[in-house]
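Engineer: Can you keep this structure in mind? I'll have questions shortly.
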Amino acid sequence: MRPLLLLLLFIGEAPSRTASKPNFVLLMADDLGIGDPGCYGNKTLRTPNIDRLARGGVKLTQHLAASPLCTPSRAAFMTGRYPIRSGMASRSQFGVFLFSASSGGLPHDEITFAKLLKNQGYSTALIGKWHLGTSCHNKTDFCHHPLSHGFDYFHGLPLTNLRDCKPGEGSVFTRAFRLLAFIPLQVLAITLLTLAVLRCLGLVRVPPFIFLCLLFLGALVLGALLCFLHYFRPLNCFLMRNRDITQQPMSYKNLTERLTADAVRFIQRNAETPFLLVLSFLHVHTALFSSKDFAGKSKHGAYGDAAEEMDWSVGQILDVLDELKLANNTLVYFSSDQGAHVEEVTVKGEVHGGSNGIYKGGKANNWEGGIRVPGILRWPGVIQAGLEVDEPTSNMDIFPTVAKLAGSPLPEDRIIDGRDLMPLLQGKSQRSDHEFLFHYCNFYLNAVRWHPRNSTSIWKAFFFTPKFSPEGANGCFATHVCFCYGQHVTPHNPPLLFDISRDPRERNPLTPTSEPRFEAIVEAMKEAAARHAETLRDVPNQLSLGNIIWKPWLQMCCSSSGLSCECDREKQGRRGSR
423 MRPLLLLLLF
433 IGEAPSRTAS
443 KPNFVLLMAD
453 DLGIGDPGCY
463 GNKTLRTPNI
473 DRLARGGVKL
483 TQHLAASPLC
493 TPSRAAFMTG
503 RYPIRSGMAS
513 RSQFGVFLFS
523 ASSGGLPHDE
533 ITFAKLLKNQ
543 GYSTALIGKW
553 HLGTSCHNKT
563 DFCHHPLSHG
573 FDYFHGLPLT
583 NLRDCKPGEG
593 SVFTRAFRLL
603 AFIPLQVLAI
613 TLLTLAVLRC
623 LGLVRVPPFI
633 FLCLLFLGAL
643 VLGALLCFLH
653 YFRPLNCFLM
663 RNRDITQQPM
673 SYKNLTERLT
683 ADAVRFIQRN
693 AETPFLLVLS
703 FLHVHTALFS
713 SKDFAGKSKH
723 GAYGDAAEEM
733 DWSVGQILDV
743 LDELKLANNT
753 LVYFSSDQGA
763 HVEEVTVKGE
773 VHGGSNGIYK
783 GGKANNWEGG
793 IRVPGILRWP
803 GVIQAGLEVD
813 EPTSNMDIFP
823 TVAKLAGSPL
833 PEDRIIDGRD
843 LMPLLQGKSQ
853 RSDHEFLFHY
863 CNFYLNAVRW
873 HPRNSTSIWK
883 AFFFTPKFSP
893 EGANGCFATH
903 VCFCYGQHVT
913 PHNPPLLFDI
923 SRDPRERNPL
933 TPTSEPRFEA
943 IVEAMKEAAA
953 RHAETLRDVP
963 NQLSLGNIIW
973 KPWLQMCCSS
983 SGLSCECDRE
993 KQGRRGSR
């Protein structure tokens, strides 16, 4: 009789032990500025669902992206490590992946929070944007694919949303077109015309062969340009479900609705088991898009329409958690991969970038506007509702926070730069565990942030700053994004020092005259940077030119008829996520 009672007791307790493991819903916006949500002060952009999330949880007001660019920031978010540690920090001007058939990506030996949670029995899914690579050596090895990094299910865009993905929205390659095509074509045309005139005047004898060669070169350049324009969209802008292409090229029609519906189905299918859902929005990266229910409805044009549709999607996720009575056992996190892209202005003068509020700069630079992002966490009954935390936190902190809550030990064979957020979120600690944070501009250490243990000051020292253009602007409009070295930056020795706690707009750099401790502060920050540098190891550069260029043998195509690459299987079957 006693063994029977023990067996019944075990059976009765098993579901409760399973339920005690929290679920995780991680919502990541793309290029959303901290000044965009209503809960961060916006009075005209409607974000009722993001605001609802903030009211029910904790709002972080000094939440920082580990990098101001998509690919490195997302690598840091997934691994809890500075992107330089995984080789996801570029040494060139190209800081992100631009082709689906690149060989670089998040290395297979990196450990994501999805891997840790999968080992703890979680069902894991990533829906939306990935942007951390796909394959290494052939188009079927999928070494960088989400399914190789701990996700059971993937439905979304392996690369990123670009203007080139939506006809009529321009191109991110405009400068490259000018340098590699338009200027060479102009030179060839002028050379041809000059030689023809000189030959007609009898001043120079020019063999017909020279004219044929020049015409051939011109045709070659023009042909390459036309091929790029024709094939870029289908070859790079497509949707996948797990390892299969489902729509090529990607259609923007009801795209957010489709991805949101799939995320809702994933939650419904896993309501009885612990799950991790990463919903990585394509909004509000350009090309901007929205469904007919949101198009033309906001006060901020196409950008506002996209942001408000994303907010609707957040609401759908919160609603299904409520309907299934999962809200009290689910940690929900909302953030953005970096600040708003302030240089996104069309040739017609339409602003396609968001608001970074009072903060200087934006995407691709380490002024506060580029790295200070929304950060909201909700877990009813565990995290105090309505709490506001102004301590420095990082998107790298999600890794150790999620791992600990899921019962997973952290990897011991590598440095984890993130810190567990729960003591802050539960009010058990009033200070961040980050005394120092290091702000990288791609591969280059750009700035150091120091929050001394015995002080309310938050010092930030820049070793270089980007040259904004035109002069007096709040961004690098001439190049569309700011770059990290050479003629594009201004070095500072001694470093440019700010006290962010008193000067969050970064308008008044301190000097030895205005800050008597200037030398001591700067020296302490340099020493911290040196100690940090000693922890870095040489790793393969995943964003080297050789790794980011297009490789035809890595190109995925849903048809076997050359490079036509057209299919639409999104409407077929709607295979369910695990």
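Numbering-wise (my numbering), the sequence shown opens with residue 423 and increments by one. Virtual Cβ for every residue (Gly too), placed ideally from N, Cα, C. Just so you know, these numbers come straight off a predicted model, no measurement behind them.
Bridge partners of P888, per DSSP?
Structural biologist: V911, per the DSSP bridge assignment.
Engineer: Are the beta-carbon atoms of G460 and D473 separated by less than 7 Å?
Structural biologist: Yes, Cβ-Cβ distance for G460 and D473 is below 7 Å.
Engineer: Three-state secondary structure (DSSP) at N750?
Structural biologist: Helix, per DSSP.
Engineer: Candidates N787, I880, N930, F890: which alpha carbon is nearest L867's?
Structural biologist: That would be N787, whose Cα lies nearest to the Cα of L867.
Engineer: Within the continuous beta strand (DSSP E) that includes L867, where are the two ends?
Structural biologist: Counting along the chain, the beta strand (DSSP E) containing L867 begins and ends at 866–872.
Engineer: Looking only at its chain, what residues have a beta carbon closer than 6 Å to the beta carbon of F858, apart from the 5 residues adjacent to it on each side?
Structural biologist: Same-chain partners within the cutoff: W872, A950.
Engineer: If I measure Cβ to Cβ from D855 and keep anything under 7 Å in the same chain, skipping five residues before and after, which residues do I get?
Structural biologist: Same-chain partners within the cutoff: R841.
Engineer: Are the CB atoms of N864 and E598 within a distance shorter than 7 Å?
Structural biologist: What sits at residue 598 in the sequence shown is Ala, not Glu. No. Outside cutoff.
Engineer: Measure the C-alpha to C-alpha separation of L589 and R655 and round it to an integer number of angstroms.
Structural biologist: The question names Leu, yet the displayed sequence has Pro at residue 589. Approximately 9 Å between the Cα atoms of the pair.
Engineer: Please identify the residue among V764, G784, A611 whose C-alpha is closest to the C-alpha of G775.
Structural biologist: Nearest of V764, G784, A611 to G775, Cα basis: V764.
Engineer: Please identify the residue among Q608, S816, L661 whose C-alpha is closest to the C-alpha of A1001.
Structural biologist: Past the boundaries of the shown model lies residue 1001; the chain is included only from 423 to 1000, so the question cannot be answered.
Engineer: With distances taken Cα to Cα, identify the nearest neighbour of G791 among N560, N963, A762.
Structural biologist: Among N560, N963, A762, the Cα nearest to that of G791 is on A762.
Engineer: So V736 and H485 are in contact, right, with Cβ under 8 Å, and what is the actual spacing, rounded?
Structural biologist: Wrong, their Cβ atoms sit about 17 Å apart, outside the cutoff.
Engineer: Looking at the structure shown, is G1004 part of a helix, part of a strand, or coil, going by DSSP?
Structural biologist: With the chain represented from 423 up to 1000, any question about residue 1004 goes unanswered, as that position is not in the structure.
Engineer: For T616, which of helix, strand or coil comes out of DSSP?
Structural biologist: Correct three-state label for T616: helix.
Engineer: Are Y575 and A547 touching if we call contact CB-CB under 7 Å?
Structural biologist: Yes; because the gap between Cβ atoms is below 7 Å, this pair is in contact.
Engineer: Can you check DSSP and say which residues form a bridge with Q669?
Structural biologist: Q669 pairs with L661, D990.
Engineer: Confirm, please, whether the CB-CB distance from D733 to T469 is below 7 Å.
Structural biologist: In contact: T469 and D733 (Cβ atoms closer than 7 Å).
Engineer: Taking the C-alpha atoms as reference points, what is the distance between E945 and F860?
Structural biologist: Rounded to the nearest angstrom, the two C-alpha atoms are 15 Å apart.
Engineer: Let me check understanding here. Comparing Cα to Cα, which of I820, L620, F519 lies closest to L448?
Structural biologist: Among I820, L620, F519, the Cα nearest to that of L448 is on I820.
Engineer: Within 10 angstroms of its Cβ, does D374 collect 16 or more other Cβ (buried), or is it exposed?
Structural biologist: Look at the range of the chain in this structure, 423 to 1000, and you will see that residue 374 is not part of it.
Engineer: Anyone know if the C-beta pair for A895 and L467 falls short of 7 Å?
Structural biologist: No, they are not a contact pair.
Engineer: Can you give me the Cβ contacts of I793 inside the same chain, cut-off strictly under 7 Å, excluding the 5 residues immediately before and after it?
Structural biologist: Counting only Cβ-Cβ distances below 7 Å, and skipping sequence neighbours, we find L486, A487, P490, Q760, G761, H861.
Engineer: When you compare only the Cα positions, how much space is there between R991 and V518?
Structural biologist: Cα-Cα distance, rounded: 28 Å.
Engineer: What's the gap between the Cα of N817 and the Cα of G555?
Structural biologist: Each residue's alpha carbon lies about 20 Å from the other.
Engineer: Which whole-angstrom value is the C-beta distance of K551 and G578, which I expect to be below 8 Å?
Structural biologist: About 6 Å separates the two Cβ atoms, so the contact holds.
Engineer: Near V628, what residues of its chain come up, given a Cβ to Cβ distance below 6 Å and the 5 sequence neighbours on each side ignored?
Structural biologist: L617, R621, listed in sequence order.
Engineer: Please confirm if the region 871–887 is in contact with the region 915–930, defined as three or more CB-CB distances below 8 Å between the two stretches.
Structural biologist: Yes, the region 871–887 touches the region 915–930.
Engineer: Which one of V773, E813, S712 has the shortest CA to CA distance from R680?
Structural biologist: Ranking V773, E813, S712 by Cα distance to R680 puts S712 first.
Engineer: Going by the DSSP bridge assignment, what does I820 pair with across the sheet?
Structural biologist: For I820, which the question treats as bridged, DSSP gives no partner whatsoever.
Engineer: Any idea if G624 is buried or exposed, counting beta-carbon neighbours within 10 angstroms, 16 or more meaning buried?
Structural biologist: Exposed, since its Cβ has fewer than 16 Cβ neighbours within 10 Å.
Engineer: For the beta strand (DSSP E) that C587 lies in, which residues bound it at each end?
Structural biologist: Where C587 is concerned, there is no enclosing beta strand (DSSP E), given that its DSSP letter is neither H nor E.
Engineer: What is the DSSP secondary structure of F545, counted as helix, strand or coil?
Structural biologist: Sequence check: residue 545 is Ser here, not Phe. S545: strand per DSSP, three-state reduction.
Engineer: For Q806, which three-state DSSP category applies?
Structural biologist: Coil, per DSSP.
Engineer: Using the three-state DSSP reduction, which class does N969 fall into: helix, strand or coil?
Structural biologist: Helix at N969.
Engineer: Looking at C-alpha atoms only, which residue of Y462, N583, L639 is the closest neighbour of G797?
Structural biologist: Nearest option by C-alpha distance: Y462.
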